[in-house]
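Below is one structure, written out as structure tokens; the observations come after it.
In mature numbering (1 follows the signal peptide of the UniProt record, and there is no 0), the protein residues as written are -22 to -1, 1 to 519.
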């Protein structure tokens, strides 16, 4: 069996060599997924570990690197990993969600072959099936700039990844059962920082030096606020885009989002609190870590610094201040501002409204009244093999219908190289967080109230941040411009994992009529086949 795994691995590598021309390095990973006992909040729980670690191993890469990640599933249930923010250029086959990939069966493996093509920045990976994310299985991803590409700040002395998220003491299967019963999840039991509860971590720094902190919200249900006692944070990156270098005392990070900040150790030599707390919740959950100066003369003093709690306007104004650094180089040497996104005419407007309907007596969540249900076959495979009856294009409208919710495997059709305006409309009283796989988008506007065509008059068409995950405030809207430059089947989902699990997601099929490797790579030879695709052939060697 192992020889089969490695032969498939070698075949995929040879295939990859064919389209990369050997120009970019390879990084190899072998990961074993197991259950293990963890005690993040002082209570024994069954966690999902990667090579015995929680969180999992960090992926440290450079722009255009090829990542060969062999994942062996030692759980007693199917498993998949997805890669939040990795664009999978021409390659939705590797996206790792159920709409594109068959789950890895227990006792078997799958080798992901990824290329971090034309990307830089801070991201994370996570388990995408059921409620596995509530048991761990996540880790950080760093994509560094190539050596000859300038970055808009001096190299920091050190680089720390911080994965923050809310956590439940209940097992992931218990949480799934709650949702399957048509109920909401309970309030989280705490916050974790890199898998630890309060004061479980210490970050050691040298006085007078500057450090980079890459912070991701890997939680299930809540936004967080991040701050460091006595220190200012200079924002430098948001999900792969260099930002204007604004200074903040604290930073809101919504579900699924990632930021990089620079912090200069300019305070007296002692220890300081690093604080994460929940936003828009009652009560407020808090977790602390320790920033330890190497010449510290004493421990932390005073209470941890407080932060914003339920203030919406404060968060909205901060979000509007996060903008693109137009003169900085991105993954290529040309300035980020050389792409004038605001001068391109949009070809279509897609309005997406979330809702929380009761369907068949159970709580569900929906987009434009459609509550997504998974098909018996991954949508990408059904599309490739032309299997009828798995999904229908046009099964979700590109505007709110205002009708009652209903169940459907919702897929929205779109054309390759279209340039679309997407408006997320939130009529509910809770903050939403949305992620789009396979693409970046430009945030052109966000405001309270109802979106209308007149809202475009106030769009930011110059330096809106480009990213892949965005918040929508209660009874508000957020508007994006997005080039559909990546053929494939792409998941658009709520990053609130309970809402995602209960239907607040759908798939965007970006289609090119040209059957060419220029537009999309062919199905991997070692692709797992399941459902109605079982027994079919991927392609000749």
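A virtual CB, placed ideally from N, CA and C, is assigned to each residue, including glycine.
Original post:
Among residues of its own chain, excluding the 5 on either side of residue 461, which ones have a beta-carbon nearer than 6 Å to its beta-carbon?
Top reply: 397
Subject >> Cβ distance (whole Å) where residue 115 is taken to contact residue 104 below 8 Å >> reply: 7 Å
**OP:** Could you pull the start and end residues of the alpha helix (DSSP H) that residue 157 belongs to?
**Re:** 150 to 158
**OP:** Indicate whether the contact test is met: 3 or more Cβ pairs, each with one atom in the segment 217 to 227 and one in the segment 245 to 253, closer than 8 Å.
**Re:** no
Original post:
In whole angstroms, what is the alpha-carbon distance linking residue 385 and residue 369?
Top reply: 12 Å
**OP:** Return the chain-ordered list of same chain residues with a C-beta closer than 6 Å to the C-beta of residue 293, the five sequence neighbours on each side being excluded.
**Re:** 230
**OP:** Please say whether residue 7 and residue 48 have beta carbons closer to each other than 8 Å?
**Re:** yes
Original post:
Can you round the beta-carbon distance between residue 334 and residue 257 to whole angstroms, since I take them to be within the 8 Å contact cut?
Top reply: In fact, because the Cβ distance is near 20 Å, the residues do not count as touching under 8 Å.
**OP:** Would you mind working out which of 237, 150, 281, 157 sits nearest residue 530, comparing C-alpha positions?
**Re:** This structure cannot settle anything about residue 530, because the visible part of the chain is limited to -22 through 519.
Original post:
Do residue 428 and the ligand HEM come close, with the Cβ less than 7 Å from some heavy atom?
Top reply: No copy of the ligand HEM appears in this structure; indeed no ligand is present at all.
Subject >> Extent of the continuous beta strand (DSSP E) to which residue 477 belongs >> reply: Careful: residue 477 lies outside any beta strand (DSSP E), inside the alpha helix (DSSP H) at 475 to 479.
Subject >> Whether residue 51 touches residue 11 by CB criterion (8 Å) >> reply: yes
Original post:
Near residue 108, which residues of its chain fall below 6 Å by C-beta distance, leaving aside the five closest residues on each side in sequence?
Top reply: 154
**OP:** Could you work out which residue in 394, 288, 332 is closest to residue 261 when comparing CA atoms only?
**Re:** 288
Subject >> Candidates 411, 330, 363, 353: closest to residue 347 by CA position >> reply: 330
**OP:** With DSSP as the reference, please indicate the residues paired to residue 338 in a beta bridge.
**Re:** Looking at the DSSP assignment, residue 338 forms no beta bridge with any residue, so it has no partner.
Original post:
Can you list the alpha helix (DSSP H) stretches of 4 or more residues lying completely in the segment 24 to 101, in chain order?
Top reply: none
**OP:** Alpha carbon to alpha carbon, how far is residue 101 from residue 128? Give it in angstroms, no decimals.
**Re:** 20 Å
**OP:** With a 10 Å radius around its C-beta and 16 neighbouring C-beta atoms as the bar for buried, classify residue 428 as buried or exposed.
**Re:** exposed
Original post:
So residue 357 and residue 376 are in contact, right, with Cβ under 8 Å, and what is the actual spacing, rounded?
Top reply: Contact flag wrong, Cβ pair sits at about 18 Å.
**OP:** Please go through the same chain and pick out, in chain order, the residues whose beta-carbon is closer than 8 Å to the beta-carbon of residue 177, but skip the five residues on each side of it.
**Re:** 266, 267, 268
Original post:
Between the C-alpha atoms of residue 301 and residue 441, what's the straight-line distance to the nearest angstrom?
Top reply: 6 Å
**OP:** Helix, strand or coil for residue 450, going by three-state DSSP, please let me know.
**Re:** strand
Original post:
Going by the beta-carbon positions, is the gap between residue 163 and residue 476 smaller than 8 Å?
Top reply: yes
**OP:** Give the straight-line distance between the Cα atoms of residue 365 and residue 80, rounded to the nearest whole angstrom.
**Re:** 15 Å
**OP:** Return helix, strand or coil for residue 436, following the three-state DSSP convention.
**Re:** helix
Subject >> Spatial distance of residue 328 from residue 486 (CA atoms) >> reply: 11 Å
**OP:** Consult DSSP for residue 374 and reduce its assignment to one of helix, strand or coil.
**Re:** coil
Subject >> Residues that residue 399 bridges to, as DSSP identifies them >> reply: 327, 459
Original post:
DSSP state of residue 483, grouped into three classes?
Top reply: strand
Subject >> Three or more C-beta pairs below 8 Å linking the segment 69 to 84 and the segment 128 to 137 >> reply: no
Subject >> Neighbour-count burial assignment, residue 211, 16 or more Cβ in a 10 Å radius >> reply: buried
Original post:
Considering only C-alpha positions, which residue in the set 78, 203, 342 is nearest to residue 505?
Top reply: 78
**OP:** Please classify residue 296: does DSSP put it in a helix, a strand, or coil?
**Re:** helix
Original post:
residue 535 by DSSP, collapsed to three states: which one?
Top reply: As shown, the chain starts at -22 and ends at 519. That puts residue 535 outside it, with no answer to give.
Original post:
Which runs of the beta strand (DSSP E) spanning at least 3 residues fall entirely within the segment 216 to 267, listed in chain order?
Top reply: 228 to 231, 236 to 242, 249 to 256
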